[in-house]
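In this note's numbering, the protein residues as written are 7 to 123.
The following block contains the structure:
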């Protein structure tokens, strides 16, 4: 039986998705961004993929951008959570992230939006 490393070396169709835990969400609550890197063919998560991203707050001044980085876990997930400040301007927030891995030949970028009320 091949180990996880051997199975992931044969990945043919990598995919990357971004989800948020709450949409809409109230100011003062904790939002979580979930990134999932997996093989479409097998459904297997891809561990160790580097994830870099930003959360851009609703348009307004001052401009507020929150960055995050890390690696996917053994199941192919990366989680980033933070509390949305009580005094932030409500509106549409944008999450953009990239997933890269030289080992698995992955270079993907995705984005999503959510509303803060």
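All C-beta atoms in this analysis are idealised placements derived from N, C-alpha and C, irrespective of residue type, glycine included. The structure presented is a predicted model; accordingly, all values stated were derived computationally and were not measured.
Does the beta-carbon of residue 20 have 16 or more other beta-carbons within 10 angstroms, so that it is buried, or is it exposed?
Using a 10 angstroms sphere on the CB of residue 20, the tally of other CB atoms reaches 16 or more, which defines it as buried.
Answer yes or no: do residue 63 and residue 120 have a C-beta to C-beta separation smaller than 8 Å?
No; because the gap between Cβ atoms is not below 8 Å, this pair is not in contact.
Measure the Cβ-Cβ separation of residue 42 and residue 83 and say whether it is below 8 Å.
Contact annotation: residue 42 and residue 83 have beta-carbon atoms nearer than 8 Å.
Does the beta-carbon of residue 104 have 16 or more other beta-carbons within 10 angstroms, so that it is buried, or is it exposed?
Its Cβ being crowded by 16 or more others within 10 Å, residue 104 is buried.
Got a sec, what are the start and stop residues for the beta strand (DSSP E) residue 111 sits in?
Note, residue 111: premise wrong, no beta strand (DSSP E); not H, not E.
Please check the pair residue 32 and residue 60, which I expect to be a contact at CB under 8 Å, by giving their CB distance rounded to whole angstroms.
With a contact defined as Cβ atoms closer than 8 Å, residue 32 and residue 60 miss out at about 22 Å.
Roughly how many angstroms lie between the CA atoms of residue 54 and residue 115, to the nearest whole one?
Take the alpha-carbon of residue 54 and the one of residue 115: they are about 16 Å apart.
Looking at C-alpha atoms only, which residue of 51, 26, 47, 30 is the closest neighbour of residue 39?
In this structure, 26 is the residue among 51, 26, 47, 30 with its C-alpha nearest to the C-alpha of residue 39.
Taking all protein chains shown into account, do 16 or more other C-beta atoms lie within 10 angstroms of the C-beta of residue 71, making it buried, or fewer, making it exposed?
Around the beta carbon of residue 71, fewer than 16 other beta carbons sit within 10 angstroms, so the residue counts as exposed.
Suppose you measure from the CA of residue 133 to the CA of residue 86; what does that come to, to the nearest Å?
In the structure as shown, the chain begins at 7 and stops at 123. Residue 133 is therefore absent and cannot be evaluated.
Look at the alpha carbon of residue 107 and the alpha carbon of residue 122, and state the distance between them as a whole number of angstroms.
Distance between the alpha carbons of residue 107 and residue 122: 32 Å.
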